[in-house]
Structure formats: C-alpha cells, structure tokens
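Residue numbers for the first sequence follow the numbering used here, beginning at 82 and rising by one.
Following: one structure in structure tokens, then a few remarks.
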Amino acid sequence: MATVRVRFAPSPTGYLHVGGARTALFNWLFARRTGGTFLLRIEDTDKERSTEAHTQVILDGLEWLGITYDEGPLFQGGFGARHKADAERLLAEGQAYRCFCTREELDAQRAAAEKTGGAFRYDGRCGRLSPKELQDRMERGLPFSIRLRMPDGEIAWDDAVHGRISFQGHDLDDFIILRSDGTPIYNLAVVSDDIEMRITHVIRGDDHISNTPKQIALYRAFRKPEPIFAHVPMILGNDGKKLSKRHGATAVGDYQKLGILPLAMRNFLALLGWSPGGDREILPEAEMIQLFSLEGIQKKPAVFDVTKLEWMNGQYLSALPADALLAPVQRLLSQKGTKTDRDLLPLIDAVKTRSRTLTDVAGQIEIRLNGRGSVMDAKGVALKQKLGPAFSHNLRQAHTALSTLGPEDWTPANLEVELKTLAEKEGKKLGDIMQPIRVALTGGTVSEPVNELLTVVGREESLARILAAAGT
RNA sequence: GCCGCUAUCGUCUAGGGGCCUAGGACACAGCCCUCUCAAGGCUGGAACACGGGUUCGAAUCCCGUUAGCGGUACCA
C-alpha cells in the first residue's frame, strides 16, 4: 500500500469549530498511526467570506491542540490556474461542456421545478447544443460556465466508516465545475488538489457524503484512482441539532478561554465519535495513536457534552504536575491583574484536584493570595449563622492557639496537632474549629484541609484573616 | 418533494448470532473515607426505536415503518 497521505482542508470563513478540530484530529491520528503524511490545506476559494484572521485562528487552534502538520499550510486560492486548466482539459475531451444559461434562467428553472414538487436538476440543455448553436453563442461572446457531463449508472464506494454507499448517476445533474469568471467550484478544486497532492485517504465530515459521487465522477473523468473516503459523523448540541453558536461555545478558542487544557480537549474530542474499544477514557497521546483506526469511528452523530469535557479536564488537572500548569495559570492571573512574587507551585498543588478548569484554579489561587476581604459566599454566611457567637469565639481561641506557633513551626503537621489539641481541650467538634477558619481564610466552606490551607496562605496573613473574621 | 446517512441508558460508548438477566464512563441518588469540598472506593435507578422475517438461537443479519440528521448553489 502506498504511503498514507491525508489532509485537513478547512475554509477560513469562521472560527475553528470543534467539529472541524475533531476532523483534523482524526486525520492527524490516522497519519501518525500509519506513519503517513498529514497536510493542511486552507480552502480560501470563497473570496467573499475568507479572511486571514480566520486562517490564523485555525492555525492557532491546531497548534494549541498539538495537531501538527507535515506539509502546508497550502492555500487553495493559489492553485486557480491548475483548476482552470483541469476544467478546460475536460472540456476539450468532451467530458464537460460550456453552459450559457444565465443565473436568472437557472433560478427560473429551479423555481418551476419546486412548484411541481420535483427536485431541480439541470436538464443538460447546453450539453445538447448543436455545433452551429455553440459557435453562434461563442461568436456573440456570451459568458459561460463549464459543467461536467455526469455519466449514468451507479457511483458507489466503500466508505471506511459507513461501508458501501451508492448513488445513481441519473440522480445527479451536470454540475458546474468552473464559474463563468474562470474560478473553480469547490468539488473541482478539491479533486484537482487531492490528485495533485496525492491524497490517499479523504477523512472529512459526514456532510460531504453527497459531494462524494460528484467527486468520484471527476476522478473518473481525470482517469485517476479515487482515494479511500471516510466520512465522520457530525457533532450535535445537547438538543440534538447541529452544534452552532446557539449552543454556546463551539469554537476551540472558546474552550481555551474557559480554562480547558489542550490535552483534555483533544482526548475528549478523540472519544467523540471514536472508540478504541473497551473501557478506555483517559488516553495518553501514544496510546491514542496506537489504538486509532478508521473502523473505530462511529456512524452516528455525537452530542457534545460539556459536563463530561469538564470532568475530563479535571482528571488532567489532577494528574498533571503543578509545573505543567504554571504557565497558563500565570497568564490567567495576570489577566485578572493579580500580581505576586510567590512561588505558585504549592498553590497550584493545593487547589488543582478540586478544580475542573484552569479558571477555577486561578480563582482559587487568587483567594489564597488576596483573600476576599470580608466577603463570604452563601455557605460561609450560613455557617456563621448556624454557629452563632461560637463562630467568633472559636476563631479567637484558634488565633490564640495558633499564634504560639512561630514561623518555623508553621507546618501542616504542627498546625493539625495544635488545632486538634484545642478542640479536645475545649471539648469541641473539630469541624467547629476548622470550618470557621476555612471561612475566615477563603470566605467559603470548601478548600483543601485547613492545616494545609493555613500554610498555603501563610502565617501572618492567616492570623490576620482569622482576627478580621472574628471581629466582624 | 427528491437523494443519501443514521438509530444500545439523559449523554459518550462496549457489543460484530449464543460469553448479554446488555458492560464501562459522564451526570444523578445513597453509603464509606473525612475538619469541608474534591479525589478515591462501594451501591442504586437508567437503554437494544417499532414491526416483520432469517436462524435451534438475535442488540448483533435482511426487509419495511417511524424518527433524526445531511445534501439538493456559478457556497465550502
């Protein structure tokens, strides 16, 4: 078998959609699995909607996800001459013909067809022009597009994910391959490029299934072997409709902003519509590549479940060493205007298992660094009310007890002993001592163990916050 | 309308004729651990769309129905 060559071919007309990212991921995985080549081709032939900014966003998104390409980015817009020449070759060979129908005429035909309830299919009238009629139109200098003569008969292929898919040539019409301005239509550009770039496997979205018979017709017209097609299912929103802005975050960049780790995103995306078989959920890159196969791709569309993504992100957050999280956390903190010269590593370690996103991590660190002033969250307030006077009283006692520990002795082990001793001596439940301290330090009732929290916040700051909370 | 694709817990999925009284994960509920929360452990509820075949035997194979989705451009 020839060396695998695959491509991801987005059009830069919007942001990098998670569906596109997953298509890219599958291509990448397949290339890495087979030792093939993965190339990136930007399909910017739609000049109206394509922008450089969008191209950059796509490039950034792929880089963020760690999806690396071996060739490209290639810009389809640069291959116009070849596209045109290919169309003209087909024309010269009689496999395509000039169509002089105007847009208005076509629209009228379409409207008429819809009225009678039938499907509009170009009737091929310009393909039946006599040599004289053709010559006449040419002499009058009428603009024309070029249409492919669609052969009758079956057009079928063995899709790597769906199995055999079959269309009938007579259900398809003689579609335009070159516009009257000499620019190519998508299907021509794709086939021309895929042939030129020696693409062996076309892995793309399900929505291209209906383009495939047209493209196969083109391969046949060019007398080139067609590649293997693998059509991956769509990604849906939680209402079962195609994922769109309406559903909230759909762009890869949105998840980056939300504090999702690229590794978690990639892992999640890989498992959306693909399964290695068995029970695997967390897949390191090497295993993902090792296990990847086109056969493992699901036929049906998948609903994008943000909750599971966040769970997975939490798994990565817990498992990753603090220094792997340092850079993004620092970025987030500086975005919030939080400045510190403290070593963030212990802070990250303290909060990462309790976080689902990097934004959570940064938020919790900020509280440990700066406190929340006298602001308490709802649970903090509730606890204070429940305890009544004991809240302040216990805090004062804790303050007195903890003050006896000097900076040298301010360690998790000593702090735990000190607090347990206090609780025992006073005949109080440990929680009635610990929880007020937690509220004093964080404003809430959730954190790492209090003795650790005290060391993370630091001696002076902790004592100050305890005193402040006791006084109010 | 026409063409095509798809159909297992709410969601992601395992399953490719007997191993299935259908397994795992997320979410949910309960319990354990425990100074709280997370993590972790245990337990529970929760699905083979429907109808016909084929077969000794179907979640698995075939046909139909229904539903959902995609396409139906001188867009990509």
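We treat Cβ as the ideally placed atom computed from N, Cα and C, and that holds for glycine.
field: Boundaries of the beta strand (DSSP E) in which Glu505 is found, first to last residue
entry: Counting from 1 along the first sequence, the entry for residue 505 is found at position 424. Where Glu505 is concerned, there is no enclosing beta strand (DSSP E), although the alpha helix (DSSP H) it sits in stretches over 493 to 507.
Nearest candidate by alpha-carbon position, reference Arg113, set Gln445, Arg540, Ser374: Within the first sequence, residue 113 is the residue found at index 32, counting from 1. For the residues Gln445, Arg540, Ser374, the minimum Cα distance to Arg113 belongs to Ser374.
- request: State yes or no: is the C-beta of Leu350 within less than 8 Å of the C-beta of Ala102?
  value: Position 269 of the first sequence, counted from the first residue, corresponds to residue 350. Position 21 of the first sequence, counted from the first residue, corresponds to residue 102. Yes, the Cβ-Cβ distance between Leu350 and Ala102 is below 8 Å.
- prompt: Going straight from the alpha carbon of Tyr336 to that of Ile139, what length do you get?
  reply: Along the first sequence, one-based indexing puts residue 336 at 255. Along the first sequence, one-based indexing puts residue 139 at 58. Those two C-alpha atoms are separated by around 14 Å.
message: Quick check: what's the CA-CA separation for Arg285 versus Cys180?
response: Position 204 of the first sequence holds residue 285. Position 99 of the first sequence holds residue 180. Going by the C-alpha atoms only, they are around 31 Å apart.
query: Val271 to Phe119, Cα distance in whole Å?
result: The sequence position of residue 271 within the first sequence is 190, counting from 1. The sequence position of residue 119 within the first sequence is 38, counting from 1. Taking the straight line joining both Cα atoms gives about 16 Å.
message: Going by beta-carbon coordinates alone, are Leu496 and Gln478 separated by less than 8 Å?
response: In the first sequence, counting from the first residue as 1, residue 496 sits at position 415. In the first sequence, counting from the first residue as 1, residue 478 sits at position 397. No, the Cβ-Cβ distance between Leu496 and Gln478 is not below 8 Å.
message: For Leu476 and Ala545, what's the separation of their Cα atoms in angstroms?
response: The sequence position of residue 476 within the first sequence is 395, counting from 1. The sequence position of residue 545 within the first sequence is 464, counting from 1. Looking at the two C-alpha atoms, the distance is approximately 11 Å.
Where Val527 sits in the DSSP three-state scheme: Here residue 527 corresponds to residue number 446 of the first sequence, with the count starting at 1. Coil.
query: Thinking just about the alpha-carbon of each residue, which of Asp513, Lys509, Ala521 is nearest to the one in Met457?
result: Counting from one through the first sequence, the residue named residue 457 turns up at place 376. Checked all of Asp513, Lys509, Ala521; the closest Cα to Met457 is Ala521.
- request: Return the first residue and the last residue of the alpha helix (DSSP H) that Gln249 is part of.
  value: As a first step, residue 249 must be located in the first sequence, where it is residue number 168. First-last for Gln249: 244 to 249, but that is the beta strand (DSSP E), not the alpha helix (DSSP H).
task: Please go through the same chain and pick out, in chain order, the residues whose beta-carbon is closer than 8 Å to the beta-carbon of Tyr150, but skip the five residues on each side of it.
output: Counted from its first residue, the first sequence places residue 150 at position 69. Cβ neighbours of Tyr150 beyond the five flanking positions: Phe89, Trp109, Phe119, Leu120, Leu121, Leu143.
query: Counting along the chain, where does the beta strand (DSSP E) carrying Thr118 start and finish?
result: To locate residue 118, count along the first sequence from 1; it is residue 37. Element bounds for Thr118: 118 to 123.
query: Expressed to the nearest angstrom, what Euclidean distance is found between the alpha-carbon atoms of Leu426 and Asp239?
result: On the first sequence, residue 426 is found 345 positions in, with the first residue counted as 1. On the first sequence, residue 239 is found 158 positions in, with the first residue counted as 1. Rounded to whole angstroms, Leu426 to Asp239 spans 53 Å at the Cα level.
query: In terms of residues, what are the limits of the alpha helix (DSSP H) holding Leu353?
result: Counting from one through the first sequence, the residue named residue 353 turns up at place 272. Per DSSP, Leu353 belongs to no alpha helix (DSSP H) and is neither H nor E.
- prompt: Which runs of the alpha helix (DSSP H) spanning at least 4 residues fall entirely within the segment 276 to 345, listed in chain order?
  reply: 293 to 302, 333 to 339
- prompt: How about Gln176 and Thr126: do their beta carbons lie closer than 8 Å?
  reply: The count along the first sequence starts at 1 and reaches residue 176 at position 95. The count along the first sequence starts at 1 and reaches residue 126 at position 45. No, these two residues do not count as a Cβ contact at 8 Å.
task: Output the boundary residues of the alpha helix (DSSP H) element that contains Leu450.
output: Numbered from its first residue, the first sequence carries residue 450 at position 369. Element bounds for Leu450: 439 to 451.
- prompt: Can you round the beta-carbon distance between Val242 and His312 to whole angstroms, since I take them to be within the 8 Å contact cut?
  reply: Taking the first sequence and counting its residues from 1, the one referred to as residue 242 is at position 161. Taking the first sequence and counting its residues from 1, the one referred to as residue 312 is at position 231. Their Cβ separation, rounded to whole angstroms, is 6 Å, which keeps Val242 and His312 in contact under 8 Å.
- prompt: Considering Pro265, what are the terminal residues of the beta strand (DSSP E) in which it resides?
  reply: Taking the first residue of the first sequence as position 1, residue 265 is located at position 184. No beta strand (DSSP E) holds Pro265; DSSP gives it neither H nor E.
query: Which residue comes first and which comes last in the alpha helix (DSSP H) that contains Ala367?
result: By one-based count along the first sequence, residue 367 stands at place 286. 366 to 372 is the extent of the alpha helix (DSSP H) around Ala367.
Rounded straight-line distance, which links the Cα of Met346 to that of Gly524: Position 443 of the first sequence, counting from 1, holds the residue named residue 524. Position 265 of the first sequence, counting from 1, holds the residue named residue 346. The straight-line gap from Cα to Cα measures roughly 32 Å.
- prompt: Using the C-alpha atoms, what's the distance from Leu97 back to Gly334?
  reply: Here residue 334 is taken as the residue at index 253 of the first sequence, counted from 1. Here residue 97 is taken as the residue at index 16 of the first sequence, counted from 1. Their Cα atoms are separated by approximately 8 Å.
Closest Cα partner of Leu413 within the set Arg435, Gln379, Leu339, Lys389: One-based indexing of the first sequence puts residue 413 at position 332. If we check each option's Cα against that of Leu413, Leu339 comes out closest.
field: Among Leu535, Pro154, Gln371, Gly444, the one whose alpha carbon lies nearest that of Trp491
entry: Taking the first residue of the first sequence as 1, we reach residue 491 at position 410. Checked all of Leu535, Pro154, Gln371, Gly444; the closest Cα to Trp491 is Leu535.
- request: Grab the span of the alpha helix (DSSP H) containing Pro212 for me, first residue to last.
  value: In the first sequence, the residue the question calls residue 212 occupies position 131. Element bounds for Pro212: 212 to 220.
message: Going by C-alpha to C-alpha distance, which of Ile297, Thr104, Val87 sits closest to Gln379?
response: For the purposes of this step, residue 379 is taken as residue 298 along the first sequence, with counting starting at 1. Looking at the Cα atoms, Thr104 is the closest of the given residues.
query: Which one or two residues does DSSP pair with Cys182 in a beta bridge?
result: Locating residue 182 in the first sequence gives position 101, where the first residue counts as 1. Beta-bridge pairing links Cys182 to no other residue.
- prompt: In whole angstroms, what is the alpha-carbon distance linking Thr434 and Glu152?
  reply: Numbered from 1 along the first sequence, position 353 holds the residue referred to as residue 434. Numbered from 1 along the first sequence, position 71 holds the residue referred to as residue 152. Whole-angstrom Cα-Cα distance: 39 Å.
Nearest candidate by alpha-carbon position, reference Gln396, set Ser436, Ala302, Cys207: Indexing the first sequence from 1 puts residue 396 at position 315. When only C-alpha atoms are compared, the closest one is Ser436.
query: Can you tell me where the beta strand (DSSP E) with Leu155 in it begins and where it stops?
result: Taking the first sequence and counting its residues from 1, one reaches residue 155 at position 74. Leu155 -> beta strand (DSSP E) spans 152 to 156.
task: Take the Cβ of Val537 as the centre, count every other Cβ of all protein chains shown within 10 Å, and call the residue buried at 16 or more, exposed below.
output: On the first sequence, position 456 is the one that residue 537 refers to. It counts as buried.
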